[in-house]
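See below for the structure under consideration.
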């Protein structure tokens, strides 16, 4: 299933990326139904993740991560994923404020 949504919006610090999200189904092999959809970043013109990630620098990493999270959730809502039993899987960069919480999970 190829569901794509675009996000060219700007983040709080002024950085913006022209991205799209694709949703890769993760299928439960027993039921044959999607258990989850993994949100994958792409360029709005079909560029692969590698090309987009090559533009991420230490200075804009937070803005990129924030924009991807928002785009993944907005796109999942628009595609109807959140209206199903399937979950949404979002990979994100753990910020320093989150790291102490991850140590206890």
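In our numbering, the protein residues as written are 1105 to 1209.
The C-beta atom is built at its ideal place from N, Cα and C for all residues, glycine as well.
Just so you know, these numbers come straight off a predicted model, no measurement behind them.
Residue closest to residue i, alpha-carbon to alpha-carbon, out of the options
{"i": "residue 1191", "options": "1122, 1124, 1131", "result": "1131"}
{"i": "residue 1156", "options": "1194, 1136, 1122, 1162", "result": "1122"}
{"i": "residue 1120", "options": "1186, 1179, 1150, 1174", "result": "1174"}
{"i": "residue 1179", "options": "1168, 1145, 1137, 1158", "result": "1145"}
DSSP bridge partner residues for residue i (one or two, in chain order)
{"i": "residue 1130", "result": "1140"}
{"i": "residue 1192", "result": "1141"}
Buried versus exposed, by CB contacts within 10 Å (16 or more), residue i
{"i": "residue 1181", "result": "exposed"}
{"i": "residue 1143", "result": "buried"}
{"i": "residue 1153", "result": "exposed"}
Residue i versus residue j - alpha carbon distance
{"i": "residue 1197", "j": "residue 1164", "result": "12 Å"}
{"i": "residue 1189", "j": "residue 1139", "result": "7 Å"}
{"i": "residue 1183", "j": "residue 1136", "result": "20 Å"}
{"i": "residue 1162", "j": "residue 1168", "result": "10 Å"}
{"i": "residue 1170", "j": "residue 1129", "result": "22 Å"}
{"i": "residue 1151", "j": "residue 1159", "result": "12 Å"}
{"i": "residue 1187", "j": "residue 1193", "result": "15 Å"}
{"i": "residue 1195", "j": "residue 1134", "result": "25 Å"}
{"i": "residue 1172", "j": "residue 1166", "result": "10 Å"}
Whole-Å CB distance - residue i paired with residue j, under 8 Å assumed
{"i": "residue 1141", "j": "residue 1185", "result": "5 Å"}
{"i": "residue 1124", "j": "residue 1148", "result": "5 Å"}
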